[in-house]
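Going down the list, the sequences are from chains A and B. Going by my numbering, the first sequence opens with residue -1, and the numbers climb by one from there. Going by my numbering, the second sequence opens with residue -1, and the numbers climb by one from there. In this text, a Cβ means the ideal position worked out from N, Cα and C, and glycines have one as well. This report concerns only the one structure given below.
2 protein chains.
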Amino acid sequence: MVRDQGKAGGSAGGSRQAMPPPSRRGGGSRPTIGDVAALAQVSKATVSFVINDRPGVSPQARQRVLDAIDQLGWQPNAGARALSTKRSQTLGLVMRRPPELLSTDPFFPQFVAGIETGLAPLGYALVLQVVPDEETERQAYERLARDGRVDGVFLTDLRTDDPRPALVTELGIDALIVGPPQHGGQVPALGVDDGSGVRRAVSHLRSLGHRWIGHVCGAAGFVHTEARCDAWRGALADADLPEIPPVAADFTGAAGARATHQLLDLDRPPTAIVYANDLMAIAGITAATSRGLRVPEDLSVVGFDDIPLADCIAPPLTTVRQDVLTWGRAAAQALVSLTEGGEFHAAELPPVEFVVRASTAPPRS
Amino acid sequence: MVRDQGKAGGSAGGSRQAMPPPSRRGGGSRPTIGDVAALAQVSKATVSFVINDRPGVSPQARQRVLDAIDQLGWQPNAGARALSTKRSQTLGLVMRRPPELLSTDPFFPQFVAGIETGLAPLGYALVLQVVPDEETERQAYERLARDGRVDGVFLTDLRTDDPRPALVTELGIDALIVGPPQHGGQVPALGVDDGSGVRRAVSHLRSLGHRWIGHVCGAAGFVHTEARCDAWRGALADADLPEIPPVAADFTGAAGARATHQLLDLDRPPTAIVYANDLMAIAGITAATSRGLRVPEDLSVVGFDDIPLADCIAPPLTTVRQDVLTWGRAAAQALVSLTEGGEFHAAELPPVEFVVRASTAPPRS
DNA sequence: GAGCGTCATCAAACCGGTTTAATATCTAAG
DNA sequence: CTTAGATATTAAACCGGTTTGATGACGCTC
Chain A
-1 MVRDQGKAGG SAGGSRQAMP PPSRRGGGSR PTIGDVAALA QVSKATVSFV INDRPGVSPQ
59 ARQRVLDAID QLGWQPNAGA RALSTKRSQT LGLVMRRPPE LLSTDPFFPQ FVAGIETGLA
119 PLGYALVLQV VPDEETERQA YERLARDGRV DGVFLTDLRT DDPRPALVTE LGIDALIVGP
179 PQHGGQVPAL GVDDGSGVRR AVSHLRSLGH RWIGHVCGAA GFVHTEARCD AWRGALADAD
239 LPEIPPVAAD FTGAAGARAT HQLLDLDRPP TAIVYANDLM AIAGITAATS RGLRVPEDLS
299 VVGFDDIPLA DCIAPPLTTV RQDVLTWGRA AAQALVSLTE GGEFHAAELP PVEFVVRAST
359 APPRS
Chain B
-1 MVRDQGKAGG SAGGSRQAMP PPSRRGGGSR PTIGDVAALA QVSKATVSFV INDRPGVSPQ
59 ARQRVLDAID QLGWQPNAGA RALSTKRSQT LGLVMRRPPE LLSTDPFFPQ FVAGIETGLA
119 PLGYALVLQV VPDEETERQA YERLARDGRV DGVFLTDLRT DDPRPALVTE LGIDALIVGP
179 PQHGGQVPAL GVDDGSGVRR AVSHLRSLGH RWIGHVCGAA GFVHTEARCD AWRGALADAD
239 LPEIPPVAAD FTGAAGARAT HQLLDLDRPP TAIVYANDLM AIAGITAATS RGLRVPEDLS
299 VVGFDDIPLA DCIAPPLTTV RQDVLTWGRA AAQALVSLTE GGEFHAAELP PVEFVVRAST
359 APPRS
């Protein structure tokens, strides 16, 4: 019953007991599966079987292995495991945006947090890249794909005619579009229907009595901008309301203010404006106020996002809230199941919420 | 001169030329260093030497290798390389924060973007974790450290008596504190002196004629909250101004509003308030306005962060701007040089900028 | 008690790189 | 014409896991 203690004492096992003073470099070199095997008096294979819940290990051996793992505080090396299994248990998120503009976007932090809450329980990690332009973006995806760092990637902020769906297909990497499905449908997509937010906004304003509603939309070229614009047109048509050409802006406050002035300069200015995000809406309120208009008495304003500030200003902003956290979590789970060979199930996302506050009111009669 | 074409044709080389239709799975299995070596008619070692700029490779061989790499579109597998070199070329960032609060923080996205701009040129990646509480936070660091996924980690939002400096020392992992240096000084730190922002704010208000200034500080227990509070006290003392006890809030708009009312309810309310972030400052403006006060005529307000909204509201907010992007880039470079064995050089960070807008004015006489 | 299936176990190969140590080739010096 | 020294090249070991195929022990049945 007594096994040879020293047989597999190999490499690190010996140096371990002659541990250097624990101060200088913490644990020094970390234990390996070989150390665990030696301590538990089994082979590396057995240790591997135990931690991967494979059958064919006696209860006694399993217990010795678990004790050894516990005693050494061992954890399998991610890189080594990835090398064997060809799965890195890591997903990639590439954000293409001028770095200084990233902080204007309430979506990013929420979405990342959501991804994390979905990924953590599955033992997955997230690698993040922020790139400034299309060229570096392509390189980023290529690198991530080719050096095997990630099992799959998220595609966010899709543009009309975005090259990325084709790119990931060509690279042979799993991907998930965050947003409405793309034309070709090559790459699976998961997004909330934010068009319904716009429709809710229009119907809210209409029920208040507004008949002449303007729209400040987001940066041109983005799929979600087009989607919201289309939804807006559709909603107006459905409600049998006349259409003011939407004014394009780029999600910044300055652009929001500019667009607002443009709408208010019309011969017949709108009595209400729907903005593509809260930042522009708030800038719009400020712009309108500076012209002597009162919100909501003279102009109703609807935002989009429900940023934390939305109800800290005067008047509190009526807006559309998306549950981005849940969206992120669902996206993470969907992409993991995709990379693990499972089919893609489009998870049901909670619908957008329409938050009525005080920036909307019946129009002046 | 003609070498045996087939000698090292090994594993993947054969299957490569019988490439399956390129449609189904993109590139299929990616080429390895062996494929490159076979194509270039050299050994794996030579390929390795070439890509790592090691001497001892003839110009001809080097060229053949480069051609082969180009032709195959090969890139070294990150995991395999990490396994050999014991360096993952990856850094970790763990954010401990209730996920739904992450979006209130203008620091996070900017800092991440800054890290990225520092890391990308060095070929490093960033893995991100968002954790809800202290327990999962500890586990996150332990996992990252023990499974060898990262070479080093950033420590942000340090708390007074934060366990993490000790933890990373114990785990033997390189780390960089993002913020003011910690008491023990075990772990290197890199932070802007945001106390100077508070001092600038006080001196600005004093020069306008304010003598009775309130402070709404951030969530208790954070090192940077304490630092700013101390700076505030110091600035008042230096300016020979009386001190109103600072009111603690938690960075949210609601707390900012509450704190503002608390200060304005004093027997002798302050004529100016300095807030620990813009969100609370804006909520404070709204709160003051709702009491019939006018900003800045009856109350001057100073924020902190300079969020994009700061100059989209009325009145535009006087605030303190930190160059978080540069800070993030410097932090990335510092941590990389730390993990690569180089010494730690505390980079010079640009000082905070004091942005005077319209929310401050001389007090009513 | 021979034959057979089941189960636990482990040595060895493998993943795709890096690194070492030995070998082959070429020059220059003696 | 040797021989030493420099240079180019590679086979093999290694990193730390996973996986396969072989082996041995055990309990059954007939």
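Worksheet item: What residues in the region 291 to 305 of chain A bring their beta carbon closer than 8 Å to a beta carbon of chain B?
Response: I305
Practice prompt. Flag this pair as touching only if the region 203 to 215 of chain B and the region 171 to 188 of chain B have three or more C-beta atom pairs under 8 Å; answer yes or no.
Written response: no
Worksheet entry | Beta-carbon proximity of Q320(A) to V125(A), cut-off 8 Å | In the first sequence, the residue the question calls residue 320(A) occupies position 322. In the first sequence, the residue the question calls residue 125(A) occupies position 127. Result no, Cβ atoms of Q320(A) and V125(A) do not sit closer than 8 Å.
Discussion item. Using DSSP's beta-bridge definition, name the partner residues of I175(A).
Written reply: Position 177 of the first sequence holds residue 175(A). Its beta-bridge partners are L153(A), A187(A).
Fill in: Residues, ordered as in the chain, of the region 104 to 127 of chain B that lie near chain A by beta-carbon distance below 8 Å
P104, F106, P107, Q108, V110, A111, G112, E114, T115, A118, A123, L124, V125, L126, Q127
Worksheet item: In chain B, what lies closer than 7 Å to P74(A) by C-beta?
Response: Residue numbering aside, residue 74(A) sits at position 76 when the first sequence is read from its first letter. The answer, in chain order, is D145.
Worksheet entry | Residue environment, G116(B), which counts as buried when at least 16 other CB atoms sit within 10 Å | As a position in the second sequence, residue 116(B) is number 118, starting the count at 1. Buried: at least 16 other Cβ atoms inside 10 Å.
Discussion item. Quick check for students: name the residue ranges of the beta strand (DSSP E) that lie wholly in the region 87 to 138 of chain B, counting only runs of 3 or more.
Written reply: 88 to 94, 123 to 129
Worksheet item: Which class does G212(A) belong to by DSSP, given the choice of helix, strand or coil?
Response: Here residue 212(A) refers to the residue found at position 214 when the first sequence is read from its first residue. Three-state DSSP puts G212(A) in a strand.
Worksheet item: In this structure, what does DSSP give as the bridge partners for F220(A)?
Response: As a working note, residue 220(A) is residue 222 in the first sequence. According to DSSP, F220(A) bridges with R157(A).
Worksheet entry | 8 Å CB neighbourhood of P96(B) in its chain, flanking five on each side removed | Indexing the second sequence from 1 puts residue 96(B) at position 98. For P96(B), where only same-chain residues beyond five positions count, the Cβ hits under 8 Å are P130.
Discussion item. Just to confirm the assignment: which complete beta strand (DSSP E) runs, minimum length 3, are found wholly within the region 260 to 342 of chain A?
Written reply: 270 to 273, 298 to 300, 317 to 319
Item to complete: Using only alpha-carbon positions, find the residue among V63(B), D68(B), A356(B), H222(B) that is nearest to V300(B).
Response: Here residue 300(B) refers to the residue found at position 302 of the second sequence. The shortest C-alpha separation from V300(B) is found at A356(B).
Item to complete: Closer than 9 Å by beta-carbon distance: list the chain B residues that pair up with E135(A), in chain order.
Response: Walking along the first sequence from the start, residue 135(A) turns up at place 137. Those within 9 Å of E135(A) in chain B number zero; the least Cβ separation is about 11 Å.
Worksheet item: Nearest chain B C-beta to P348(A) closer than 8 Å, yes or no?
Response: Residue mapping note: residue 348(A) aligns to position 350 of the first sequence, counting from 1. No, because no Cβ of chain B sits closer than 8 Å to the Cβ of P348(A).
Item to complete: Return no unless some Cβ of chain A is closer than 8 Å to the Cβ of C310(B).
Response: The residue given as residue 310(B) occupies position 312 in the second sequence. Yes, contact with chain A.
Fill in: F352(A) - partner residues in DSSP beta bridges
Translated into the one-based positions of the first sequence, residue 352(A) becomes position 354. Beta-bridge pairing links F352(A) to V318(A).
Worksheet item: Does the beta-carbon distance from Y139(B) to V176(B) come in below 8 Å?
Response: The residue given as residue 139(B) occupies position 141 in the second sequence. The residue given as residue 176(B) occupies position 178 in the second sequence. No, the Cβ-Cβ distance between Y139(B) and V176(B) is not below 8 Å.
Item to complete: Taking 8 Å as the cut-off, decide whether the C-beta atoms of T158(A) and A123(A) are in contact.
Response: Here residue 158(A) corresponds to residue number 160 of the first sequence, with the count starting at 1. Here residue 123(A) corresponds to residue number 125 of the first sequence, with the count starting at 1. No; because the gap between Cβ atoms is not below 8 Å, this pair is not in contact.
Practice prompt. Just the C-alpha distance for P19(B) and S86(B), rounded to the nearest angstrom, thanks.
Written response: Residue numbering aside, residue 19(B) sits at position 21 when the second sequence is read from its first letter. Residue numbering aside, residue 86(B) sits at position 88 when the second sequence is read from its first letter. Because the pLDDT of P19(B) is 32, which lies under 50, any placement of that residue in the model is unreliable, and the question is left without a value.
Worksheet item: From R292(A), G254(A), D33(A), pick the residue whose C-alpha is nearest to that of I280(A); which is it?
Response: Translated into the one-based positions of the first sequence, residue 280(A) becomes position 282. The option with the nearest alpha carbon to I280(A) is G254(A).
Item to complete: Determine the chain A residues that contact L307(B) at a beta-carbon separation under 7 Å, and present them in chain order.
Response: Taking the second sequence and counting its residues from 1, one reaches residue 307(B) at position 309. Result: G251, L277, I280, L307.
Worksheet item: Is the region 284 to 296 of chain B in contact with the region 74 to 82 of chain B, if contact means three or more CB pairs nearer than 8 Å?
Response: no
Worksheet item: Per DSSP, V245(B) is paired with what?
Response: As a first step, residue 245(B) must be located in the second sequence, where it is residue number 247. Answer is V214(B).
Practice prompt. Determine the chain A residues that contact L100(B) at a beta-carbon separation under 7 Å, and present them in chain order.
Written response: Position 102 of the second sequence, counted from the start, is the residue given in the question as residue 100(B). Neighbours of L100(B) on chain A, chain order: P107, Q108, A111.
Fill in: DSSP-derived helix/strand/coil call for E140(A)
Residue mapping note: residue 140(A) aligns to position 142 of the first sequence, counting from 1. Three-state DSSP puts E140(A) in a helix.
Worksheet item: Around the C-beta of S101(A), are 16 or more other C-beta atoms found within 10 angstroms, so that it is buried, or is it exposed?
Response: Within the first sequence, residue 101(A) is the residue found at index 103, counting from 1. So S101(A) counts as buried.
Item to complete: Could you name the residues of the same chain whose beta carbon sits closer than 8 Å to that of A332(A), not counting the 5 residues immediately before and after it, in chain order?
Response: Your numbering for residue 332(A) matches position 334 in the first sequence. Around A332(A): L174, P186, L188, F342, H343, A344, A345.
Practice prompt. Would you mind telling me which residues of chain A sit closer than 7 Å to G77(B), beta carbon to beta carbon, in chain order?
Written response: Here residue 77(B) corresponds to residue number 79 of the second sequence, with the count starting at 1. Under the 7 Å cutoff, chain A gives G77, A80, L81, S86, G146.
Discussion item. Looking only at its chain, what residues have a beta carbon closer than 6 Å to the beta carbon of P29(A), apart from the 5 residues adjacent to it on each side?
Written reply: In the first sequence, the residue the question calls residue 29(A) occupies position 31. Around P29(A): L70, W72.
Practice prompt. Using 10 angstroms around the beta-carbon of D228(A), count the other beta-carbons present and answer buried if the total reaches 16, otherwise exposed.
Written response: One-based indexing of the first sequence puts residue 228(A) at position 230. Label assigned to D228(A): exposed.
Item to complete: For A255(A), go through chain B and note every residue whose CB falls closer than 8 Å to its CB, in chain order.
Response: Looking up residue 255(A) in the first sequence gives position 257. Within chain B, the residues near A255(A) are C310.
Discussion item. Determine whether the beta carbon atoms of T223(A) and G232(A) lie at a separation below 8 Å.
Written reply: The count along the first sequence starts at 1 and reaches residue 223(A) at position 225. The count along the first sequence starts at 1 and reaches residue 232(A) at position 234. Contact flag unset, no.
Practice prompt. Answer with yes or no whether the minimum CB distance from P161(A) to chain B is below 8 Å.
Written response: The residue you call residue 161(A) lines up with position 163 of the first sequence. Output row for P161(A): interface = no.
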